[in-house]
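Novice: From first to last, the protein sequence lines are chains A and B. Numbers 1 to 159, taken from the working numbering, label the letters of the first sequence in order. Numbers 1 to 550, taken from the working numbering, label the letters of the second sequence in order. Just so it is clear, CB atoms sit at the ideal spot from N, CA and C, and this is done for glycine as well. Values in this document were obtained by computation on a predicted structure and should not be read as measured data. Dropping the structure in here first, questions after.
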Amino acid sequence: FSSQVKMNVGVAHSEVNPNTRVMNSRGIWLTYALGVGMLHIVLLSIPFFSVPVVWTLTNVIHNLGMYVFLHAVKGTPFETPDQGKARLLTHWEQLDYGVQFTSSRKFFTISPIILYFLASFYTKYDPTHFIINTASLLSVLIPKLPQLHGVRIFGINKY
Amino acid sequence: MTESSVKKLSNGDRCYSTNGVKPGKNGCVKNHYLYKKQHCYPEEKIYHVEHNGGLYKRPFNEVFEETPMLVAVLTYMGYGILTIFGYLRDFLRKWKIEKCQNATEREEQKDFVPLYQDFENFYTRNLYMRIRDSWNRPICSVPGAKFDVMDRVSYDYNWTFKYTGKVVKDVINMGSYNYLGFAENHGLCVDAAADVTMKYGVGVSSTRREMGNLGKHEELEKLVARFLGVEAAMAFGMGFATNSMNIPALVGKGCLILSDELNHASLVLGARLSGATIRVFKHNNMQSLEKLLKDAIVHGQPRTHRPWKKILILVEGIYSMEGSIIRLPEVIALKKKYKAFLYLDEAHSIGALGPSGKGVVEYFGLDPKDVDIMMGTFTKSFGAAGGYIGGKKELIDYLFTHSHSAVYATSMSPPVVEQIITSMKCIMGEDGTTLGQDRIKQLAENTRYFRRKLQEMGFIIYGNSDSPVVPLMLYMPAKIGAFGREMLKRNIGVVVVGFPATPIIESRARFCLSAAHTKEMLDTALRMISEVGDLLQLKYSRHSLVPLLD
Chain A
1 FSSQVKMNVG VAHSEVNPNT RVMNSRGIWL TYALGVGMLH IVLLSIPFFS
51 VPVVWTLTNV IHNLGMYVFL HAVKGTPFET PDQGKARLLT HWEQLDYGVQ
101 FTSSRKFFTI SPIILYFLAS FYTKYDPTHF IINTASLLSV LIPKLPQLHG
151 VRIFGINKY
Chain B
1 MTESSVKKLS NGDRCYSTNG VKPGKNGCVK NHYLYKKQHC YPEEKIYHVE
51 HNGGLYKRPF NEVFEETPML VAVLTYMGYG ILTIFGYLRD FLRKWKIEKC
101 QNATEREEQK DFVPLYQDFE NFYTRNLYMR IRDSWNRPIC SVPGAKFDVM
151 DRVSYDYNWT FKYTGKVVKD VINMGSYNYL GFAENHGLCV DAAADVTMKY
201 GVGVSSTRRE MGNLGKHEEL EKLVARFLGV EAAMAFGMGF ATNSMNIPAL
251 VGKGCLILSD ELNHASLVLG ARLSGATIRV FKHNNMQSLE KLLKDAIVHG
301 QPRTHRPWKK ILILVEGIYS MEGSIIRLPE VIALKKKYKA FLYLDEAHSI
351 GALGPSGKGV VEYFGLDPKD VDIMMGTFTK SFGAAGGYIG GKKELIDYLF
401 THSHSAVYAT SMSPPVVEQI ITSMKCIMGE DGTTLGQDRI KQLAENTRYF
451 RRKLQEMGFI IYGNSDSPVV PLMLYMPAKI GAFGREMLKR NIGVVVVGFP
501 ATPIIESRAR FCLSAAHTKE MLDTALRMIS EVGDLLQLKY SRHSLVPLLD
């Protein structure tokens, strides 16, 4: 660690913003998949919920978590030497320094869709569950569109 | 797909470099080539080292073992749990349930636009503070092979420290860059420096170009030039400033800098200050470098396609975080083929590599005249402070007039200069004793022994088998703090590093070997490391090594 470091002094690399590389590191996709699996199992073990409810809950909680960590929280949890270029950018916008259609981006776009398919199947396409799941999926897919890179609708979350 | 920590070198196994064979994707020979060799002695089957004809006159053995997948997953889970608890604690602090120990704005200024974004401090508050006692430890003796550490306790989880007044004596020092053991307070270097202080005083109070050019500085520069085998050399007061102030003097707009991925902050700062275009090639990867060179020459400058004014390759001799040695013969071959300039930063390798301590150029048996700019520091092997640049006489004359350091920075202090002169003469053997040569041999032996033993114990060690910098992988964030503390309990001082200074899963403990370490000290250290390794389950390596009989 480097406490209150203003430059890359003591760092092992000339990477200006390490946040851009985190989603590419070894084993993180597997950890993410295991995390979602663990969430699902925990929800399944609660006796009150039926299987369709559990799947919808998994989908909703997963999308909520993804929205908060990738599209709501801005900046980096550590100081970067680039004078805060990434301070107003969400983690999604920081990935790979804004280059679109990299493999991490594709993975994180496809995974909520797969979860949505599974949830739709296990809820037997019930209308209420469908509305909830679709709304939740849209809330997490629309911010990922390249057209919405850096866009803040109605000024929400701008600063 | 996801990157692995070792994408830069090999796909998970040992990597060997041969000349004349088309190398694999990541700058080394594909593994299948090795097994076609006939002369594969049975006891060496797993740890087979290739001798290379042509460019390399000695075996180049560099390994970066891949992170085991289970360890990677557990590391991410560790960081995830720490993040969740971090958010929880921040929530408690905000709602005043827990006392906030951080500096906050005054009440009257709460409605102003904030000066700092408090999320940027998240890591420092929630992760770094928990294990802060492994860094900035105050010592109260000279940091030689053993030193004394002041004991401190914290009653509020590392937010403040109190000194108990006790001093932990004779802690084995595995963290200082004391490669040749010149960090000592007795001996002829110290006496010479004391005499010079009596004669010249401590401060110079002027820059080189005004009143600060002492005869000692000229003597030092001639000695450095002779030591390196170059025409002329120039010394500066600060190693960091040598890089950051001289690269802007050498390149400017319209030039291209090709810098290694893991270059030190001083090189990165110097490159950015110069205004040249910077392109980064993968660490120690000659394919990447050649591709960049070819693209640069074929396409020229980005918009106008004019040829580049200069192409400068920035590399280091030993990379201190990885322990890897630059593939210098290949870099020089590329440089000659594509007519680029080479800037070699030997901060860690001068004095530490090579049969007579003359650095990485001598280690590979190359001609120092092939390297255009040889830079180094006096901080590591010479026990002093400052840096130097060596090269052709025209280059040094140019730097005298155009470098920021020469014109504006105060010149080196006389006792420091004398320390460098004495230690350099000692290394070269000109003081009449064989002390320098003994120390170099001792360092090489210590390096080989230490690395070999650690690999046999089953730790994952990065880097070249000849480099005195030994990074030992810890991976998980909790083990960083645990390792530092457990080692101090056993009287060994180590340096641990974590994210964001290293990639997120590759936190490590870095040992720096010294000629001042005796075999008994190394044995004690190894025993303790093995104990802590068993306690913390750090022996991740999946390669088996046949133990030597010594």
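Could you give the distance in angstroms between the alpha-carbon of valine 497/B and the alpha-carbon of serine 14/A?
Specialist: By one-based count along the second sequence, residue 497/B stands at place 497. By one-based count along the first sequence, residue 14/A stands at place 14. If I take the Cα positions, the gap works out to 16 angstroms.
Novice: Three-state secondary structure (DSSP) at phenylalanine 69/A?
Specialist: Here residue 69/A refers to the residue found at position 69 when the first sequence is read from its first residue. In this structure, phenylalanine 69/A counts as helix in the three-state DSSP scheme.
Novice: Between the Cα of valine 416/B and those of Ser541/B, Thr377/B, Gly80/B, spot the shortest distance and give me the residue it belongs to.
Specialist: Translated into the one-based positions of the second sequence, residue 416/B becomes position 416. For valine 416/B, the nearest C-alpha among the options comes from Thr377/B.
Novice: Have a look at methionine 375/B and leucine 70/A and give me their C-alpha separation to the nearest angstrom.
Specialist: The sequence position of residue 375/B within the second sequence is 375, counting from 1. The sequence position of residue 70/A within the first sequence is 70, counting from 1. When rounded, the distance between both Cα atoms is 43 angstroms.
Novice: What's the gap between the Cα of isoleucine 421/B and the Cα of methionine 428/B?
Specialist: In the second sequence, the residue the question calls residue 421/B occupies position 421. In the second sequence, the residue the question calls residue 428/B occupies position 428. One C-alpha to the other measures close to 11 angstroms.
Novice: Which residue or residues does DSSP assign as beta-bridge partners of alanine 233/B?
Specialist: Mapped onto the second sequence, residue 233/B falls at position 233. Under the DSSP definition of a beta bridge, alanine 233/B partners with Gly390/B.
Novice: Mark glutamate 44/B as exposed unless 16 or more other C-beta atoms lie within 10 angstroms of its C-beta, in which case mark it buried.
Specialist: One-based indexing of the second sequence puts residue 44/B at position 44. Note on glutamate 44/B: pLDDT 37, under 50, position unreliable in the model; the coordinate value appears next. It counts as exposed.
Novice: Please state the DSSP three-state secondary structure of aspartate 345/B.
Specialist: Taking the first residue of the second sequence as position 1, residue 345/B is located at position 345. Residue state, collapsed to three classes: strand.
Novice: Just the C-alpha distance for arginine 451/B and glycine 386/B, rounded to the nearest angstrom, thanks.
Specialist: One-based indexing of the second sequence puts residue 451/B at position 451. One-based indexing of the second sequence puts residue 386/B at position 386. Answer to the nearest angstrom: the Cα atoms are 29 angstroms apart.
Novice: Rounded to whole angstroms, how far is the Cβ of methionine 476/B from the Cβ of arginine 508/B, which I believe are closer than 8 angstroms?
Specialist: Counting from 1 along the second sequence, the entry for residue 476/B is found at position 476. Counting from 1 along the second sequence, the entry for residue 508/B is found at position 508. By a beta-carbon distance limit of 8 angstroms, methionine 476/B does not contact arginine 508/B. Their separation comes to about 11 angstroms.
Novice: State yes or no: is the beta carbon of isoleucine 504/B nearer than 8 angstroms to at least one beta carbon in chain A?
Specialist: Counting from one through the second sequence, the residue named residue 504/B turns up at place 504. Answer yes: the Cβ-Cβ gap between isoleucine 504/B and chain A drops below 8 angstroms somewhere.
Novice: Check whether the Cβ of asparagine 263/B lies closer than 8 angstroms to any Cβ atom in chain A.
Specialist: Translated into the one-based positions of the second sequence, residue 263/B becomes position 263. With respect to chain A, the C-beta atom of asparagine 263/B has a partner C-beta closer than 8 angstroms.
Novice: Between the C-alpha atoms of isoleucine 153/A and isoleucine 142/A, what's the straight-line distance to the nearest angstrom?
Specialist: Counted from its first residue, the first sequence places residue 153/A at position 153. Counted from its first residue, the first sequence places residue 142/A at position 142. Isoleucine 153/A and isoleucine 142/A: Cα-Cα distance of roughly 12 angstroms.
Novice: Between the region 159-178 of chain B and the region 394-411 of chain B, can you find at least three pairs of beta-carbon atoms closer than 8 angstroms?
Specialist: The region 394-411 of chain B makes no contact with the region 159-178 of chain B: fewer than 3 CB pairs, one atom from each, lie closer than 8 angstroms.
Novice: Which residues of chain A have a Cβ atom closer than 7 angstroms to the Cβ of alanine 72/B, listed in chain order?
Specialist: The count along the second sequence starts at 1 and reaches residue 72/B at position 72. The answer, in chain order, is Arg26, Gly27.
Novice: What does phenylalanine 49/A touch in chain B if you count any residue whose Cβ is under 8 angstroms from its own?
Specialist: Position 49 of the first sequence, counted from the start, is the residue given in the question as residue 49/A. Those within 8 angstroms of phenylalanine 49/A in chain B number zero; the least Cβ separation is about 23 angstroms.
Novice: With contact counted as at least three CB pairs below 8 angstroms, one residue from each stretch, are the region 20-37 of chain A and the region 72-86 of chain B in contact?
Specialist: Per the Cβ contact rule, the region 20-37 of chain A is in contact with the region 72-86 of chain B (3 or more Cβ pairs under 8 angstroms).
Novice: Measure the Cβ-Cβ separation of leucine 536/B and lysine 489/B and say whether it is below 8 angstroms.
Specialist: Mapped onto the second sequence, residue 536/B falls at position 536. Mapped onto the second sequence, residue 489/B falls at position 489. In terms of Cβ geometry, leucine 536/B and lysine 489/B do not form a close pair [threshold 8 angstroms].
Novice: Quick check: is the beta carbon of glycine 155/A nearer than 8 angstroms to any beta carbon in chain B?
Specialist: For the purposes of this step, residue 155/A is taken as residue 155 along the first sequence, with counting starting at 1. Chain B, which has no Cβ nearer than 8 angstroms to the Cβ of glycine 155/A, makes this no.
Novice: What's the call for threonine 67/B, buried or exposed, on a 16-neighbour Cβ count within 10 Å?
Specialist: If you number the second sequence from 1, residue 67/B lands on position 67. Result: buried.
Novice: For a contact defined as C-beta to C-beta under 7 angstroms, what are the partners of tyrosine 475/B on chain A?
Specialist: Against the second sequence, residue 475/B aligns to sequence position 475. Those within 7 angstroms of tyrosine 475/B in chain A number zero; the least Cβ separation is about 10 angstroms.
Novice: Output yes if chain A places a C-beta closer than 8 angstroms to the C-beta of glutamine 419/B; else output no.
Specialist: Residue numbering aside, residue 419/B sits at position 419 when the second sequence is read from its first letter. Not one chain A Cβ lies under 8 angstroms of glutamine 419/B.
Novice: Alpha carbon to alpha carbon, how far is leucine 203/A from lysine 158/A?
Specialist: Residue 203/A is absent from the structure shown; chain A starts at 1 and stops at 159.
Novice: What are the residues that DSSP puts in a beta bridge with alanine 509/B?
Specialist: Taking the first residue of the second sequence as 1, we reach residue 509/B at position 509. DSSP lists Leu472/B, Val496/B as partners of alanine 509/B.
Novice: With which residues is leucine 258/B paired in a DSSP beta bridge?
Specialist: Counted from its first residue, the second sequence places residue 258/B at position 258. DSSP lists Arg279/B, Ile313/B as partners of leucine 258/B.
Novice: Counting contacts by CB-CB distance shorter than 8 angstroms, is glutamine 117/B in contact with chain A?
Specialist: Stepping through the second sequence from its first residue, residue 117/B is reached at position 117. Yes, contact with chain A.
Novice: Here's the rule: buried if 16 or more other CB atoms are within 10 angstroms of the residue's CB, otherwise exposed. What is asparagine 136/B?
Specialist: Position 136 of the second sequence, counted from the first residue, corresponds to residue 136/B. It is exposed - the Cβ of asparagine 136/B has fewer than 16 other Cβ atoms within 10 Å.
Novice: For the alpha helix (DSSP H) containing isoleucine 131/A, name the first residue and the last one.
Specialist: By one-based count along the first sequence, residue 131/A stands at place 131. Residues 127-141.
Novice: Taking only beta-carbon atoms, is glutamate 98/B less than 8 angstroms away from chain A?
Specialist: Numbered from its first residue, the second sequence carries residue 98/B at position 98. No, no contact with chain A.
Novice: Looking at C-beta atoms only, is the number of pairs between the region 316-328 of chain B and the region 277-284 of chain B that lie closer than 8 angstroms three or more?
Specialist: yes
Novice: Counting only C-beta atoms, is serine 14/A closer than 8 angstroms to chain B at any point?
Specialist: Here residue 14/A is taken as the residue at index 14 of the first sequence, counted from 1. Cβ-Cβ to chain B under 8 angstroms: yes for serine 14/A.
Novice: List the residues of chain B that valine 22/A touches, going by C-beta distances under 7 angstroms, in chain order.
Specialist: The residue given as residue 22/A occupies position 22 in the first sequence. Going along chain B in sequence order, the residues near valine 22/A (Cβ under 7 angstroms) are Ile504.
Novice: At the level of alpha carbons, what is the spacing between aspartate 466/B and tyrosine 56/B?
Specialist: Walking along the second sequence from the start, residue 466/B turns up at place 466. Walking along the second sequence from the start, residue 56/B turns up at place 56. Those two C-alpha atoms are separated by around 14 angstroms.
Novice: Counting along the chain, where does the beta strand (DSSP E) carrying arginine 152/B start and finish?
Specialist: Along the second sequence, one-based indexing puts residue 152/B at 152. The continuous beta strand (DSSP E) containing arginine 152/B extends over residues 146-153.
Novice: Answer with buried or exposed for threonine 18/B, where buried requires no fewer than 16 other C-beta atoms within 10 angstroms of its C-beta.
Specialist: Looking up residue 18/B in the second sequence gives position 18. Note that threonine 18/B scores 40 on pLDDT, short of 50, meaning its location in the model is unreliable and no value can be drawn from it.
Novice: Taking C-beta pairs closer than 9 angstroms, name the residues in chain A that glutamate 62/B reaches, listed in chain order.
Specialist: The residue given as residue 62/B occupies position 62 in the second sequence. Per Cβ cutoff of 9 angstroms: no residues; glutamate 62/B is ~16 angstroms from chain A at best.
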